[in-house]
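In the numbering used here, the protein residues as written are 748 to 1091. Take a look at the structure below.
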Ligand SMILES: Nc1ncnc2c1ncn2[C@@H]1O[C@H](COP(=O)(O)OP(=O)(O)O)[C@@H](O)[C@H]1O
Ligand SMILES: [Mg+2]
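Spelled out as structure tokens, the structure:
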């Protein structure tokens, strides 16, 4: 968002610069003044990410109700690249302003555990994604049988709704494989309401291209590719893009890639810098490459603390980058045809 966009937004609300500063301060708990607003508007100072995010939300919030959801999938054919960290942190940031559902589609249940949810207990109660998918498939088979996704949802303290994972989800790989439209089980499950009631749905995926990842990509509106700044993750991106072409041809022609998010970047290491250069050179013409998320202990500490790093430490290293991804997702959602039709 540029200075002139801020100015247009302010003038559209008939606020002068001091009034606009007061309005922002009231909503964001900051101490901006007229001089600051003026510097943003004439481009001499960068508009802070929380201000951009708040204004985008206000613009959209005025004209739309909740839903339909933009379904965002984090995928890379390599494990340990920051997919779960991306999903948990981005979903948590958006949940401050929007209705957000996070679906943990990785049998390792990392996102579930990261958010402090007891995966084993939920599995015992048969309230994990595995059971939600099974019930949804059964309901579709017995046309008209009621299926209620809300039974499977846990709401975290931060207001984020989660469908947890558990080990049993590993069995879904083989079970979905044996079904004729096994690729579409998650899409059908979300079509029964969630797609219309949430603003954003995030799906965390395992690294291999099995039925769970296919299901996520088949349901997706947009894909984010977290990519550690090291060579093997870059190869994982290439494999994923091939898989995505297949998904587009067979099941989901509209799915796009919002960008690559380089992760765990250490600016002091020449090999990290070389990998970042590779990512920009190989994929930069085709898609957006976000600034890199730095390697920082707060992300690993947050897993142990059972909450998103950015919920525990709002100004953690990488916050600005996450915020830029959040803004890109908000903008992407406004382009969805169903959201456009809600605009007055
Ligand atoms: N920016 C970061 N800096 C340091 N450690 C990170 C960062 N992002 C993620 N991690 C840690 O790296 C490991 C792998 O990240 P994770 O998000 O689980 O990857 P994936 O889901 O792709 O397997 C986890 O232990 C996580 O806590
Ligand atoms: Mg993961």
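We put the CB at the ideal spot given by N, CA and C, even for glycine.
What three-state label does DSSP hand residue i in the structure shown?
{"i": "residue 1003", "result": "strand"}
{"i": "residue 767", "result": "helix"}
{"i": "residue 849", "result": "strand"}
{"i": "residue 1081", "result": "helix"}
{"i": "residue 939", "result": "coil"}
{"i": "residue 834", "result": "helix"}
{"i": "residue 864", "result": "coil"}
{"i": "residue 1073", "result": "helix"}
{"i": "residue 945", "result": "coil"}
{"i": "residue 1030", "result": "helix"}
{"i": "residue 1016", "result": "coil"}
{"i": "residue 1064", "result": "coil"}
{"i": "residue 1052", "result": "helix"}
{"i": "residue 762", "result": "coil"}
{"i": "residue 791", "result": "coil"}
{"i": "residue 928", "result": "coil"}
{"i": "residue 828", "result": "coil"}
{"i": "residue 956", "result": "coil"}
{"i": "residue 773", "result": "helix"}
{"i": "residue 856", "result": "coil"}
{"i": "residue 904", "result": "coil"}
{"i": "residue 806", "result": "helix"}
{"i": "residue 754", "result": "helix"}
{"i": "residue 1021", "result": "helix"}
{"i": "residue 961", "result": "helix"}
If we ignore side chains and look at the alpha-carbon of each, how far apart do residue i and residue j end up?
{"i": "residue 819", "j": "residue 962", "result": "12 Å"}
{"i": "residue 840", "j": "residue 812", "result": "19 Å"}
{"i": "residue 1088", "j": "residue 1018", "result": "Here residue 1088 scores only 49 on pLDDT, less than 50, and its place in the model should not be relied on; the value that follows carries that caveat. Answer to the nearest angstrom: the Cα atoms are 47 Å apart."}
{"i": "residue 859", "j": "residue 851", "result": "7 Å"}
{"i": "residue 751", "j": "residue 1039", "result": "27 Å"}
{"i": "residue 876", "j": "residue 984", "result": "26 Å"}
{"i": "residue 900", "j": "residue 764", "result": "43 Å"}
{"i": "residue 977", "j": "residue 780", "result": "43 Å"}
{"i": "residue 1046", "j": "residue 1083", "result": "32 Å"}
{"i": "residue 1014", "j": "residue 974", "result": "15 Å"}
{"i": "residue 1023", "j": "residue 829", "result": "15 Å"}
{"i": "residue 810", "j": "residue 803", "result": "Residue confidence for residue 810 is low, a pLDDT of 47 falling below 50, so the modelled location carries little weight; the figure read from the coordinates is stated next. Spanning the two alpha carbons is a distance of roughly 11 Å."}
{"i": "residue 758", "j": "residue 766", "result": "11 Å"}
{"i": "residue 882", "j": "residue 873", "result": "11 Å"}
{"i": "residue 941", "j": "residue 1054", "result": "24 Å"}
{"i": "residue 888", "j": "residue 864", "result": "31 Å"}
{"i": "residue 893", "j": "residue 886", "result": "6 Å"}
{"i": "residue 988", "j": "residue 1076", "result": "20 Å"}
{"i": "residue 1063", "j": "residue 836", "result": "11 Å"}
{"i": "residue 800", "j": "residue 1078", "result": "10 Å"}
{"i": "residue 968", "j": "residue 856", "result": "23 Å"}
{"i": "residue 749", "j": "residue 1030", "result": "26 Å"}
{"i": "residue 905", "j": "residue 998", "result": "34 Å"}
{"i": "residue 786", "j": "residue 792", "result": "5 Å"}
{"i": "residue 986", "j": "residue 1074", "result": "27 Å"}
{"i": "residue 930", "j": "residue 993", "result": "12 Å"}
{"i": "residue 995", "j": "residue 854", "result": "25 Å"}
{"i": "residue 825", "j": "residue 938", "result": "29 Å"}
{"i": "residue 947", "j": "residue 790", "result": "31 Å"}
{"i": "residue 1085", "j": "residue 878", "result": "30 Å"}
{"i": "residue 923", "j": "residue 932", "result": "8 Å"}
{"i": "residue 760", "j": "residue 927", "result": "53 Å"}
{"i": "residue 871", "j": "residue 833", "result": "28 Å"}
Starting from residue i and walking both ways along the alpha helix (DSSP H), at which residues does that stretch end?
{"i": "residue 782", "result": "781 to 788"}
{"i": "residue 1039", "result": "Element bounds for residue 1039: n/a, residue is neither H nor E."}
{"i": "residue 900", "result": "Residue 900 -> no alpha helix (DSSP H), and no H or E assigned at all."}
{"i": "residue 877", "result": "876 to 888"}
{"i": "residue 843", "result": "Residue 843 -> no alpha helix (DSSP H), and no H or E assigned at all."}
{"i": "residue 891", "result": "Run containing residue 891: none; DSSP gives neither H nor E here."}
{"i": "residue 923", "result": "916 to 924"}
Quick check on this structure: which residue in the options has the alpha carbon closest to the alpha carbon of residue i?
{"i": "residue 771", "options": "790, 796 and 789", "result": "796"}
{"i": "residue 762", "options": "749, 784 and 915", "result": "784"}
{"i": "residue 1005", "options": "768, 773 and 821", "result": "821"}
{"i": "residue 845", "options": "1057, 1033, 869 and 815", "result": "815"}
{"i": "residue 823", "options": "1021, 1059, 1065 and 972", "result": "972"}
{"i": "residue 952", "options": "914, 788 and 960", "result": "960"}
{"i": "residue 1067", "options": "1050, 1052, 1051 and 1041", "result": "1041"}
{"i": "residue 910", "options": "827, 1056, 880 and 1009", "result": "880"}
{"i": "residue 1071", "options": "1008, 1032 and 1043", "result": "1008"}
{"i": "residue 1001", "options": "966, 861 and 891", "result": "966"}
{"i": "residue 981", "options": "1025, 955, 956 and 943", "result": "1025"}
{"i": "residue 925", "options": "788, 884 and 1058", "result": "884"}
Chain D beta carbons: is any one of them nearer than 9 Å to that of residue i?
{"i": "residue 802", "result": "You won't find chain D in this structure, because it holds only one protein chain."}
On the DSSP bridge assignment, give the partners of residue i in chain order.
{"i": "residue 1010", "result": "975"}
{"i": "residue 951", "result": "821 and 851"}
{"i": "residue 970", "result": "820 and 1004"}
{"i": "residue 910", "result": "850"}
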